[in-house]
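Residues 1 to 288 in the UniProt record's numbering are what the sequence shown lists, from first letter to last.
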Amino acid sequence: MPEDPKPTVRRRVLGTNLRRLRESHGLLLDHAAEVLSCNISKVSRIESGRSPIRPLDLKTLLDLYEVTDPGAREGWLSLARESKKQRWWRVLEDRLPQDFVDLIGLEEDISYCRGFQPGVIDALFQTKEYAEAVIGGGSPGPLGPDETTKLDVRLERQKALTREENPIGVWMILGEGALRQQVGGPAVMRAQLRHLIELAKLPSVTLQVLPFSVGAYRGGPFPFKVYRFPEPSDMQVVLLENHVSHTYLEDPSDIGFYGDVFDHLRATACGELESQRLIEGIIKETKA
1 MPEDPKPTVR RRVLGTNLRR LRESHGLLLD HAAEVLSCNI SKVSRIESGR
51 SPIRPLDLKT LLDLYEVTDP GAREGWLSLA RESKKQRWWR VLEDRLPQDF
101 VDLIGLEEDI SYCRGFQPGV IDALFQTKEY AEAVIGGGSP GPLGPDETTK
151 LDVRLERQKA LTREENPIGV WMILGEGALR QQVGGPAVMR AQLRHLIELA
201 KLPSVTLQVL PFSVGAYRGG PFPFKVYRFP EPSDMQVVLL ENHVSHTYLE
251 DPSDIGFYGD VFDHLRATAC GELESQRLIE GIIKETKA
């Protein structure tokens, strides 16, 4: 199969975990290449995500790595299987940065997300009016064509929270500053805060608020998300966002670090009911 100069995050995560399986059994690239009857470079491309892997080759590697449980094998195969359905964002690929296309595809495939947003409501939780204000950056007037595309994509991504089959599970911690920043004005902000309370009622959503009163906290005021794929569930990836791009971390040490930071934040933040009361209090304080 031809090499892909822009491998998807999903393929990179799959390849990374295949490498870990191989190394956990003390096997070299030569061993994998031998059972696949190919050269070492092909296995290397698969493990780096630059080349897709055929189902037959994947089954052969799973045999080599002694993955015998039927459920686990199907999990690996489902991650590698090319979807036959037309993904909704494909028609927009030429208008979106590649790393943003990766993000959309990632959210379609993962089963769970843990995250921290200190200064802005997370994109998955934004109302249309709040998102318009964020994307517009406070500029007056309607959004331009590219900004409108970003808005449409953001609203479409949110459907992962309420889709009938396997809605994405989200545990989000928001900084109090994200609730008090008057994005779009008081009316927009009140509607946004009420929307948060409604989302928190979904069985797949857990929402906590990190109040100003906690002072300093581990990890600092930097947003992040930890995405987890369906079974085999040890497949995770960390997402770091900035103004112009997205960075994906797949090393176990990075995943472990951000997992520890999240655990510290959730233990430090208000509980779910206390967070709801805090949001309701801010709604009352927000004047027209």
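Glycine is no exception: its CB is placed at the ideal position from the N, C-alpha and C atoms.
Q: Starting from the C-beta of G15, find all residues in its chain whose C-beta is less than 7 Å away, skip the five residues before and the five after it, and write them out in chain order.
A: I46, E47, S48 and G49
Q. Leaving out the 5 sequence neighbours to the left and right, which residues in its chain are closer than 7 Å to R190 when beta-carbon positions are compared?
A. In the same chain as R190, and ignoring 5 residues on each side of it, the C-beta atoms closer than 7 Å to its own belong to I283 and T286, in chain order.
Q: Note down the Cα distance separating G259 from T148, rounded to an integer number of angstroms.
A: 34 Å
**Q.** Any 3 or more C-beta pairs closer than 8 Å across the segment 208-218 and the segment 175-183
**A.** yes
Q. Which stretch, first to last residue, makes up the beta strand (DSSP E) that contains E147?
A. No beta strand (DSSP E) holds E147; the alpha helix (DSSP H) holding it covers P145 to R157.
Q.
Beta-carbon within less than 6 Å of Y217's beta-carbon, same chain only, minus the 5 sequence neighbours each way: which residues are those?
A. Residues T268 of the same chain have their beta carbon placed closer than 6 Å to that of Y217, with the five preceding and five following residues left out of the count.
Q.
Using the three-state DSSP reduction, which class does R218 fall into: helix, strand or coil?
A. In the three-state DSSP reduction, R218 falls in the coil class, being neither helix nor strand.
(Q) On the DSSP letters alone, give me the boundaries of the beta strand (DSSP E) that H25 sits inside. (A) Where H25 is concerned, there is no enclosing beta strand (DSSP E), given that its DSSP letter is neither H nor E.
Q) In three-state DSSP terms, what is M189? A) The answer is helix: DSSP assigns M189 an H, G or I state.
Q: Could you spell out the range, first to last residue, of the beta strand (DSSP E) harbouring R114?
A: Y112 to Q117
Q: Identify whether K84 lies in helix, strand or coil by the three-state DSSP scheme.
A: Residue placement at K84 is flagged as unreliable, the pLDDT there being 37, under the threshold of 50; a coordinate-derived value is accordingly withheld.
Q: Measure the Cβ-Cβ separation of P230 and I110 and say whether it is below 9 Å.
A: yes
Q.
Just to confirm the assignment, what range does the alpha helix (DSSP H) spanning I283 have?
A. E272 to E285 is the span of the alpha helix (DSSP H), which, as asked, contains I283.
Q. Taking the alpha carbon of T247 as the point to measure from, which residue in G137, G256 and F224 has its own alpha carbon closest?
A. Taking only the C-alpha atoms, the option nearest T247 is F224.
Q: May I ask you to list the residues that DSSP assigns as paired with H246?
A: E241
Q: Could you give the DSSP three-state label for W89: helix, strand or coil?
A: Because W89 sits at a pLDDT of 49, beneath the cut-off of 50, its placement in the model cannot be relied upon, and the point is left open.
(Q) Give me, in chain order, the residues of the same chain whose beta-carbon lies closer than 6 Å to that of Q86; leave out the 5 immediate sequence neighbours on both sides. (A) Residue confidence for Q86 is low, a pLDDT of 48 falling below 50, so the modelled location carries little weight and cannot support an answer.
Q. Which residues in the same chain as A200 place their Cβ atom closer than 6 Å to its Cβ, once the five residues preceding and following it in sequence are excluded?
A. L207
Q. Is the CB-CB distance between L62 and L36 below 9 Å?
A. Taking 9 Å as the Cβ cut-off, L62 and L36 do not qualify as a contacting pair.
Q.
When you compare the CB positions of G169 and V205, do they come within less than 9 Å of one another, or not?
A. yes
Q: Quick one: measure Cβ to Cβ for G219 and V261, integer angstroms, because I've assumed they're closer than 8 Å.
A: 4 Å
Q.
So, with DSSP's three-state summary, where would you put V205?
A. V205: strand per DSSP, three-state reduction.
Q) Got a sec, what are the start and stop residues for the alpha helix (DSSP H) L61 sits in? A) P55 to L64
Q) Nearest to S51 by CA position, among D57, K59, K42 and L265, is which residue? A) K42
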